[in-house]
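The sequence shown begins at 237 in the numbering used here and counts up one residue at a time.
For glycine and all other residues, C-beta sits at the position ideal for the given N, C-alpha and C.
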Amino acid sequence: VVSIVEELVQRHGLRIALQGRDQATLQPLVAFLARQITHPPFAPTLIGVANLLLDMYAPVLGQSAAIDELFVKLRNKLESEMRLQAELAQLLGAMDVLLAGAVQQSTMAGPLAKIPRVAHS
Numbered sequence: 237v238v239s240i241v242e243e244l245v246q247r248h249g250l251r252i253a254l255q256g257r258d259q260a261t262l263q264p265l266v267a268f269l270a271r272q273i274t275h276p277p278f279a280p281t282l283i284g285v286a287n288l289l290l291d292m293y294a295p296v297l298g299q300s301a302a303i304d305e306l307f308v309k310l311r312n313k314l315e316s317e318m319r320l321q322a323e324l325a326q327l328l329g330a331m332d333v334l335l336a337g338a339v340q341q342s343t344m345a346g347p348l349a350k351i352p353r354v355a356h357s
């Protein structure tokens, strides 16, 4: 499915393929986006599709409870992914601080290790 979407993007046919959909043909597409949009290999392509779909169908939101529910599910999935990415960025930052401290300590320990220690009484 994603490879077909990528082909449509390359041929500038995605907007045409998404136009004129009714609830029956829009529903599986939004459901697919909600399921697959956070998968790393698909995310860049599917985020573009979701943006285009929202631009095209925003005026008709509120007319179908089923479609609205799927768009809410998509939004929730994206919000969850953004929270996860923020947490991972914080964790990465904390790991960088710890690793930098460990590297600094090990480089300082090298020259200091050669200095004889004086016993304290």
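Check                                                                             : Outcome
Leu262 vs Tyr293 beta-carbon contact at 8 Å                                       : yes
Contact under 8 Å by Cβ, Lys309 with Ile273                                       : no
8 Å Cβ cutoff met for Leu288 and Arg251                                           : yes
Rounded distance between the beta-carbons of Ala270 and Leu306, thought under 8 Å : 6 Å
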